[in-house]
Each structure stands twice: as structure tokens, then as C-alpha cells.
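Below: one structure, written as C-alpha cells.
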Amino acid sequence: MVKTERMEADEAEPAPGFAWLIGAAAWFIPGVGHLLQQKWWRAALLGGAVWICFFVGMGMGGHLFDLSTENSSVLLQVPPMIANIGTGALYLVSWLFDYGFKDDPAQAARATYEYGNTFLLIAGLLNYLTMLDAFDIAAGRKP
Amino acid sequence: MTLFAALASVVFGAMAKDTNQERLLYGLKVFAEFMVIGLVLGWILYFIP
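These protein sequences, in sequence, are chains Z and U.
Plus 626 on top of the position in the first sequence (first one is 1) and you've got our numbering.
Plus 107 on top of the position in the second sequence (first one is 1) and you've got our numbering.
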């Protein structure tokens, strides 16, 4: 990139407040950011993938992470917690009902436990990507 | 692994590229890469005690 192009890129218009709201909505309820912008197919594909990942993960007996821990360091809980929080309301509702957070040995013994964990982590991370996509569309940076 | 690869490649495919055809091809490519790499790693780890 030549200097003038870089300067133009640096001077790009800031994202409108509407885009931040769309981003927040997209994080809070997966798929809603695209629905609000009438991107039906994207909402179905991106939001649907996140919802399916989350419920498949829950169905497999996956574990959601928060800062409470019995055996390990709190710091080790932070990265997976950040990934889990990406699912927005799904995480918050589970947290409010204390569903999926307990350290249950019987649950951890299930053959699908680690798969479930992975699906729950991926659900949150995919929703972060979905949120950024919705934000870019709302900010006019993407068609 | 297949379900994971399918869901992740749907998201990657839907967000990348410009045209629907390019998106579809990219999604299929990502799906194939997930599957191949997953199987290769699985076999490598199988032989490691």
C-alpha cells in the first residue's frame, strides 16, 4: 500500500452509532444483527450455525466456563470464558439458571464431554465473527 | 468432527469473498481442509503413545 492510500485508509469515516448497536445486538442474540439489516440468508446461515453449535454442545454435555473454580487457577478459566461469552444471551441465560456451569464428575465422564466443550467454545467464537460481519455491513464497509 | 467442520465452513464461507459462487467454493474448500487435516492429525496422534 502506498503512502497516500494508507493515509486515506487512516482517515476512513468512523462507524456510525447505528453500527455499534447492530454489533451489540448481533453479539447478544446470534443472527439478529443480520436480521435487523434484512440479510436473511446470512442471518440464517451465520446465526443458525452459532445456535446449532451451542445446543449441540449442550446436548453433548459440554461445560460452560466462568471465573469460579475449585481445582485450577482462575486465570486458566478466563480464555474459555471469553470464548463462551461470545454466545451472548445464550451464555447469560445459562448462567442465570446455572445450567452447564457445574463441575460434575458424572458429566465429565461422558464420552462426548470434550466434544461438547469444543462446540460451546466454537459457538462463541463464531458469534464474534458474525458480530464483526454485521458491524461491517452496518458501517458500510461490506455489501 | 464433520458437524464442526460443516458449521465452521458455513460461517467462513458466508463471510468471505464477493459472489455467492466464490463463497460456496471457499466454504467447500474450508470444509475439505478441516476434514483432511482432522483425519491426518487423528492418524498421527493414533501412532503416538
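Glycine included, every Cβ here is placed at the ideal spot set by N, Cα and C.
Note that the structure is a prediction, hence the values are computed from the model and not measured.
Under the three-state reduction of DSSP output, Z/N697 falls in the coil class, being neither helix nor strand. In terms of beta-carbon proximity, Z/F745 lines the interface with chain U, with at least one pair separated by less than 8 Å. The three-state secondary structure of Z/G687, taken from DSSP, is coil. Around the beta carbon of Z/R668, a 10 Å sphere encloses 16 or more other beta carbons of the protein chains shown; the residue is thus reported as buried. One alpha carbon belongs to Z/L701, the other to Z/L690, and they sit about 15 Å apart.
The three-state reading of DSSP puts U/M122 in helix, counting H, G and I together.
Sequence-distant Cβ neighbours of U/A121 in its own chain, meaning closer than 8 Å and more than five residues away, are R130 and G134.
For U/A121, the nearest beta carbon of chain Z is closer than 8 Å to its own beta carbon. Taking a contact to require three or more Cβ pairs closer than 8 Å, the region 754-764 of chain Z and the region 679-696 of chain Z do not qualify as touching. Cβ neighbours of Z/A651 within its own chain (closer than 7 Å, five residues either side excluded): V658, G659 and L662. A distance of 8 Å or more separates the beta carbons of Z/L752 and U/A113.
Note that the C-beta distance between Z/T738 and Z/P656 is not below 8 Å.
Taking 7 Å as the upper bound on Cβ-Cβ separation, chain U lies near residues R668, L671, L672, A675, I678 and C679 of the region 648-679 of chain Z. With fewer than 16 neighbouring CB atoms inside 10 Å of its own CB, U/F154 falls in the exposed class.
Interface annotation, Z/L755: in contact with chain U, CB-CB separation under 8 Å.
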